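Visitor: Numbering of the sequence shown is given in my numbering, commencing with residue 812 and proceeding in unit increments. Okay, here's the structure, questions in a sec.
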Amino acid sequence: MKQKKLLAVASQGGHLIQLLRLKPVFDRYDTSYVSNHYREGMGSKFFKVIDANGNEKMKLLVLFVQMAWIMAIKRPDVVISSGAAPGFFAVMLGKFFGAKTIWIDSIANAEELSLSGKKVGAFADLWLTQWPNLVQPSGPQYQGRVL
Numbered sequence: 812m813k814q815k816k817l818l819a820v821a822s823q824g825g826h827l828i829q830l831l832r833l834k835p836v837f838d839r840y841d842t843s844y845v846s847n848h849y850r851e852g853m854g855s856k857f858f859k860v861i862d863a864n865g866n867e868k869m870k871l872l873v874l875f876v877q878m879a880w881i882m883a884i885k886r887p888d889v890v891i892s893s894g895a896a897p898g899f900f901a902v903m904l905g906k907f908f909g910a911k912t913i914w915i916d917s918i919a920n921a922e923e924l925s926l927s928g929k930k931v932g933a934f935a936d937l938w939l940t941q942w943p944n945l946v947q948p949s950g951p952q953y954q955g956r957v958l
């Protein structure tokens with residue numbers, strides 16, 4: 812049986828640290844990583860993307876094109892992200908390419924969802940928060956914490 816292809820995407824810092832906490836699970840799959848920063852343990856299947864945020868429209872456009880290119884060549888079965896902008900585009904494009912999509916909002920967002928977390932619900936097959944007080948009937952769900 813062919814091993815499932817997983818694309819794990821996160822911005823540097825806490826987003827990436829949280830995502831890499833799930834690496835033991837990712838190791839069961841053909842996993843590629845995408846971030847704007849390489850961390851030890853990600854291996855050779857790593858794609859570096861530009862660092863961008865909502866205030867940098869041109870950089871966001873470049874990031875979107877980079878993520879579309881990665882999706883086109885990797886064709887993942889599953890896309891998982893803990894944020895921020897690279898993860899939003901990965902989940903959105905992953906859905907377009909037919910992948911199952913998972914969003915885990917950062918544990919740092921205890922009072923409200925992140926900006927990307929608020930927008931990603933329309934594209935995520937599984938939309939998670941790490942805080943039970945942020946659960947809403949329309950999503951996201953709470954199933955525990957990564958940290």
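The beta-carbon is built from N, C-alpha and C at its ideal position, and this holds for glycine as well. Since we're looking at a predicted model, the values are computed, not measured.
#1: Tell me which residues share the same chain as Arg850 and place their Cβ nearer than 7 Å to its Cβ, disregarding the 5 neighbours each side in the sequence.
#2: Entirely within the stretch 833 to 888 and at least 3 residues each: give me those beta strand (DSSP E) ranges in chain order.
#3: Pull up the distance between the alpha-carbon of Leu939 and that of Ser892, whole angstroms please.
#4: Need the endpoints of the alpha helix (DSSP H) that Leu961 sits in, please.
#5: Could you tell me how far apart the beta carbons of Pro887 and Asn847 are, in whole angstroms, since I believe they sit closer than 8 Å?
#6: According to DSSP, is Ala933 helix, strand or coil?
#7: Run through DSSP, which three-state label would Ser893 get?
#8: Less than 8 Å between the C-beta atoms of Asp841 and Gln877, yes or no?
#9: Buried or exposed: where does Ala819 fall if 16 or more other Cβ atoms within 10 Å of its Cβ makes it buried?
Guide: Per the coordinate set shown:
#1: Leu827 and Leu831
#2: 841 to 846 and 857 to 859
#3: 10 Å
#4: Beyond the ends of the chain as shown, which are 812 and 958, falls residue 961; an answer cannot be given.
#5: Going by Cβ atoms, the distance from Pro887 to Asn847 rounds to 19 Å, so no, they are not a contact pair.
#6: helix
#7: strand
#8: no
#9: buried
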